[in-house]
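In the numbering used here, the protein residues as written are 28 to 95.
Cβ atoms here follow ideal geometry from the backbone N, Cα and C, with glycine treated the same way.
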């Protein structure tokens, strides 16, 4: 299910949406997203912290951490 639960830990959300994937292409990421695809593409770009064209599981999980 693509349902969004803001209280779901990001590691669990990643594993639910993208099982057995160490990193995602933009198409794989978008397949797990609902709603506004333009906004989802912007999120992908922000999540891809090292600019390699993939979102690694660690990048996805780390993006949910509050900056101190």
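Endpoints, alpha helix (DSSP H) assigned at residue i
i	result
residue 54	53–58
residue 81	Looking at the DSSP string, residue 81 is not in any alpha helix (DSSP H), and its letter there is neither H nor E.
residue 76	No alpha helix (DSSP H) contains residue 76, which DSSP labels as neither H nor E.
residue 38	37–44
Buried versus exposed call for residue i [16 or more other C-beta atoms within 10 Å across all chains shown]
i	result
residue 31	exposed
Nearest to residue i (by Cα), restricted to the options the options
i	options	result
residue 80	44, 69 and 34	69
residue 83	62, 66, 63 and 47	47
Query raised in the report: Do three or more CB pairs link the region 67–84 to the region 43–59 at distances below 8 Å?
Result: Judged by Cβ distances under 8 Å, the region 67–84 makes contact with the region 43–59, as three or more pairs qualify.
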